[in-house]
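Asker: At position 45 of the sequence shown the residue is numbered 45 (full-length UniProt numbering), and the sequence of numbers has no breaks. Think of the CB as a built atom: it goes at the ideal place given N, C-alpha and C, for glycine as much as any other residue. Have a look at this one before I ask anything.
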Amino acid sequence: MIKDLNAKDFETEVLKNNGLVVVDFWANWCGPCKMMAPVLESVSEEFKEVSFTKVDVDQNGALADQYDILSIPTLLIFKDGNFLDKLVGFTPKEVLIEKIKKNL
1 MIKDLNAKDF ETEVLKNNGL VVVDFWANWC GPCKMMAPVL ESVSEEFKEV SFTKVDVDQN
61 GALADQYDIL SIPTLLIFKD GNFLDKLVGF TPKEVLIEKI KKNL
């Protein structure tokens, strides 16, 4: 399951999380974001121990600015509240799985 986050939830769900978190910065109008959604759903089913979240950049512009989100979709990977990696643009399932395994 992928949880929708806003700026208020971000600290609790991502920065204070004692585990791996994938954050998808996206927007409703973004075609590649819509292509990314089923990939994230599929990977989230494979990695139950990883938290998958998404942030709508239109509703959370300040948060997107804080993490220098210049293009969407952008995936950020955090572990134990620390930023580890950034994937910009549509990310194939195999690439995302490789990044998750590397950081678990």
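Identify whether K48 lies in helix, strand or coil by the three-state DSSP scheme.
Answerer: It is coil, neither helix nor strand.
Asker: What residue range does the alpha helix (DSSP H) around K101 cover?
Answerer: Per DSSP, K101 belongs to the alpha helix (DSSP H) from 93-103.
Asker: Check whether the Cβ atoms of D85 and K99 sit closer than 8 Å, and answer yes or no.
Answerer: Yes.
Asker: Starting from the Cα of Y67, find the closest Cα among K3, I2, A7 and give me that residue.
Answerer: Residue A7 is the option with its Cα nearest to Y67.
Asker: Cα separation between S42 and T91?
Answerer: Between S42 and T91, the C-alpha separation is close to 13 Å.
Asker: By Cβ distance, which residues of its chain are closer than 8 Å to A62, with the 5 residues on each side in sequence left out?
Answerer: Cβ neighbours of A62 beyond the five flanking positions: A7.
Asker: Is L87 near L20, with beta carbons less than 8 Å apart?
Answerer: The answer is no: Cβ separation not under 8 Å.
Asker: Measuring alpha carbon to alpha carbon, tell me which of D9, C30, V22, K3 ends up nearest K101.
Answerer: Residue V22 is the option with its Cα nearest to K101.
Asker: Which residues in the same chain have their Cβ closer than 6 Å to the Cβ of C30, if we skip the five residues on either side of it in sequence?
Answerer: Once the five neighbours on either side are set aside, the close Cβ partners of C30 are I72.
Asker: Who are the Cβ neighbours of L96 in its own chain at under 6 Å, not counting the five residues just before and after it?
Answerer: These residues qualify, in order along the chain: V43.
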